[in-house]
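2 protein chains.
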Amino acid sequence: MSQDDHILLIPGPICVSEAVREAQSIQSLSHTSPAFISIFQSALKDLRKLFKSTNEKDQGVVVAGSGTLGWDITASNLVYPGDNVLVLSTGFFSDSFADCLRVYGANVDVITAPVGDSVAISEVEKALASKKYSVITVTHVDTSTAVVSDIEAVAATAKKISPETLIVVDGVCSVGVENIEFTKWGLDYVLSASQKAIGVPSGLSVGFLSERAIKRALERPVQSSFFASLQRWLPNLINFEAGKPSYFATPAIQTVNALRVSLKEILEGGLDARFQKNKEVSQKFKKDLADLGISIVPVKPEVAASGLTAAYFPEGIDGAKFIASVYQKGVIVAGGIHKDLVGKYFRVGHMGVSALDPKLGHIDAAVRAIKEALEEQGFKK
Amino acid sequence: MSQDDHILLIPGPICVSEAVREAQSIQSLSHTSPAFISIFQSALKDLRKLFKSTNEKDQGVVVAGSGTLGWDITASNLVYPGDNVLVLSTGFFSDSFADCLRVYGANVDVITAPVGDSVAISEVEKALASKKYSVITVTHVDTSTAVVSDIEAVAATAKKISPETLIVVDGVCSVGVENIEFTKWGLDYVLSASQKAIGVPSGLSVGFLSERAIKRALERPVQSSFFASLQRWLPNLINFEAGKPSYFATPAIQTVNALRVSLKEILEGGLDARFQKNKEVSQKFKKDLADLGISIVPVKPEVAASGLTAAYFPEGIDGAKFIASVYQKGVIVAGGIHKDLVGKYFRVGHMGVSALDPKLGHIDAAVRAIKEALEEQGFKK
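Just so you know, the protein sequences line up as chains V and H, in that order. Count along the first sequence from 1, add 1, and you get the number used in our numbering. Count along the second sequence from 1, add 1, and you get the number used in our numbering.
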């Protein structure tokens, strides 16, 4: 068994387009060949557009790995051992990021939002005023709660109260589906992964660094990592983007090619139109759930993410049975992983082609399957 | 430009089989689905066979990344800060491994072999007797020199003189083409990558750990890495191999599937027959070069690797022009990267389908292109 004909609607990995699949299947290329340099250069240039960067000294980061590797990149390059780091937690992934920061010697303070909500800006202000933080991290969309944080407001707060604090955004479940204005908002590092709204097979850590984040990484006197070291990667990435061969470690040739193709697809219709369209799909889906008597984890519309929905099983519904029944009807949704809510909710991803190509009928199929699965358990609104 | 119709004969990435390409192009799967668990389980089980492991407490390691990540895995799990590590260097990659070990706080002693040779066992004996080393590292085949080290002899020496020293083998350019008897020789960690003789697209760190290496990693009181931490990966890998869903970081779904398919292909004809066949192809190729008046970098047949050939440009040949001319004739070979020899030699990979499927005609094409490129520069033996 190596294929699955069910519709994959978990919050990543997501279904990729046929063009991306084709790009993923090219024969191997030399990692220093003109053919591959041109591929990697295109992807790195298009990342600037994806992040709406207007400072040419910013730099895209594409490294074989996963979203998690972006935490190591943060912790071992932008934070010095003993530094204070403020983590805004909206769920499982924010807390794991904090764990990673501690491994590399950071003193971490965590502000935990109420489940289903984001951290209040007043809390951020208070914390930043109380202590010198070298980095603040915020999970743009925590995949465990489907809560979106207002990273523009967080960044503005940090700039006002503690301008030298670097602003790091975990954008694993947001890049490609939520608006990010990297330069305008003054972000320093957004880390992400290939397999969610970027629409590529899993296998890449994809991120974007500001000029001042690069400066901090390059000035670092002592390295805390090797594979995650920006001092080692930056010359490589800069060379590739300039069209020059370079070597630190072998890139994931095929997946970088898939990234190139997906970025073209993402950018061709205009980013804002894409975000708006995905938001509409998300709102429609959430309304369909509400009509079925299902309420969502985010406590108010402003904190509900566009790329996925986390929703409670209605009273009396057996969650495991429900997910299995939805699967039998051809649709794969995910269980919940937030420690306070395990077993009480499920998650549905609506990113990439599944959300934006209505011909595929993925979201309609999900609504139908969910409706029938509820009915099977005798649930009535 | 995203394809290249030239024959790729660098020492990795190598050409992959059509079945592997197809496996690489499957639609994304949930990383915790039965479909993917079955894929990953198959790959992890077959890794045991590839390494000829007979201890079920050994464990295969497959993580999205590259060969380089295996160095971080060694340095941040098997070595404690302040530990002594003995590095046997046969070229560029051995030296880079030493750099990585130092980043994580190891005290590294390097024994450097003469260019084109491996480190003498007497040197290894002397060093191991002089100091307590927690780890010895040996690069099985250094891709910069095409020298193969006798890892069986190194392991036997370590066991005799310093039995508690862990034996780590960099098998990036050897696993899948050189014989490795993991259990019999008493190795502790062999690190490799997907894109060389394992015959898979780049993007995976692939390795194998002994029971005592696992013990050392699990007993470690303080972690030095997060993404490279075996305390975090081992439960995940053990679960997947047991057919159970697990999560630490999202695996590279498609590339793991390609690994599954390639391992089946590698194992189906018998490992020893495969190694023998590749050795014959290698010896024939080296003889063809000798007939053309080209001598190889390894100083004696016993240290010449089977998976690639590093060969000097004959006197009077312009190396850059030669490689460009070979390229024009449809074959991609690589320049040299050993610091003492840059510009003086070239490298040809002969691994995987390129070496073992004579119908492809890759090696014949290489010999022809090399012959003609020499003639173009007026070279006569």
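For glycine and all other residues, C-beta sits at the position ideal for the given N, C-alpha and C.
In or out: I215 (chain V) buried (at least 16 other Cβ within 10 Å) or exposed?
buried
Contact under 8 Å by Cβ, L45 (chain H) with I254 (chain H)
no
Beta-carbon gap between L167 (chain V) and V136 (chain V) smaller than 8 Å
yes
Kindly indicate if chain H contains any beta-carbon less than 8 Å away from that of R22 (chain V).
yes
H32 (chain V) versus chain H: which residues are under 8 Å apart at the beta carbon?
P14 and S203
Please confirm whether L157 (chain H) has its beta-carbon closer than 8 Å to some beta-carbon of chain V.
Correcting the residue identity first, residue 157 (chain H) is Ala in this sequence and not Leu. No, A157 (chain H) lies away from the interface with chain V (no Cβ there is under 8 Å from its Cβ).
What first and last residue would you give for the beta strand (DSSP E) that runs through I112 (chain H)?
N108 to T113
Taking a contact to mean a Cβ-Cβ separation below 8 Å, would you say L219 (chain H) touches S206 (chain H) in this structure?
no
Run through chain V and tell me which residues come within less than 7 Å of A229 (chain H), C-beta to C-beta.
F228
Measuring alpha carbon to alpha carbon, tell me which residue in V:K381, V:I27 and V:K245 is nearest E316 (chain V).
V:K381
Nearest to E182 (chain H) (by Cα), restricted to the options H:A157, H:S203 and H:K197
H:A157
Grouping DSSP H, G and I as helix and E and B as strand, with all else coil, what is L342 (chain V)?
coil
Looking at the ligand ATP, does it come within less than 7 Å of S26 (chain V), judged from the CB to the closest heavy atom?
The ligand content of the structure shown is nil, which means the ligand ATP is not present either.
Mind checking whether S263 (chain H) and V21 (chain H) have CB atoms under 8 Å apart?
yes
Pull up the DSSP beta-bridge partners for N279 (chain V), would you.
BP columns for N279 (chain V) are empty, so no partner.
Boundaries of the alpha helix (DSSP H) in which V259 (chain V) is found, first to last residue:
Correcting the residue identity first, residue 259 (chain V) is Ala in this sequence and not Val. Segment I254 to E269, the alpha helix (DSSP H) holding A259 (chain V).
With contact counted as at least three CB pairs below 8 Å, one residue from each stretch, are the stretch 100-115 of chain V and the stretch 220-230 of chain H in contact?
yes
Taking 8 Å as the cut-off, does the stretch 34-45 of chain H touch the stretch 367-376 of chain H (at least 3 CB pairs, one atom from each stretch)?
no
Tell me the rounded alpha-carbon separation between A268 (chain V) and H7 (chain V).
It should be pointed out that residue 268 (chain V) corresponds to Leu in this sequence rather than to Ala. Distance between the alpha carbons of L268 (chain V) and H7 (chain V): 28 Å.
Selected residue, minimal CA-CA separation from A321 (chain V), among V:L375, V:C16, V:E281 and V:H363
V:L375
Using 8 Å as the limit for Cβ to Cβ distance, is W234 (chain H) near chain V?
no
When the cut-off is 8 Å and only beta carbons count, does T184 (chain H) lie next to chain V?
no
With DSSP as the reference, please indicate the residues paired to V170 (chain V) in a beta bridge.
V:V139 and V:V191
Determine, using beta carbons only, whether Q28 (chain H) comes closer than 8 Å to chain V.
yes
So for F228 (chain V), helix, strand or coil by DSSP?
coil
Identity of the residues DSSP links to Y81 (chain H) by a beta bridge:
Bridge partners of Y81 (chain H): none, in fact.
CA-to-CA distance, V327 (chain V) to K345 (chain V), given in whole angstroms
16 Å
Between T184 (chain H) and G177 (chain H), what straight-line distance do the alpha-carbon atoms span, to the nearest angstrom?
16 Å
Please classify K197 (chain V) as buried or exposed, where buried requires at least 16 neighbouring CB atoms within 10 angstroms.
buried
Please classify M2 (chain H): does DSSP put it in a helix, a strand, or coil?
In this predicted model, M2 (chain H) has a pLDDT of only 40, less than 50, meaning its place in the structure is not dependable enough to derive any value.
Residue environment, Q329 (chain V), which counts as buried when at least 16 other CB atoms sit within 10 Å:
exposed
Tell me the residue span of the beta strand (DSSP E) that contains G61 (chain H).
Q60 to A65
Is it right to say P164 (chain H) is buried, meaning 16 or more other beta carbons lie within 10 angstroms of its own, or is it exposed?
exposed
Using a Cβ-Cβ distance under 8 Å, would T251 (chain H) count as near chain V?
yes
Please compile the residues from chain C whose C-beta is within a distance smaller than 8 Å of the C-beta of D73 (chain V).
You won't find chain C in this structure, because its protein chains are V and H.
Please state the DSSP three-state secondary structure of A99 (chain V).
helix
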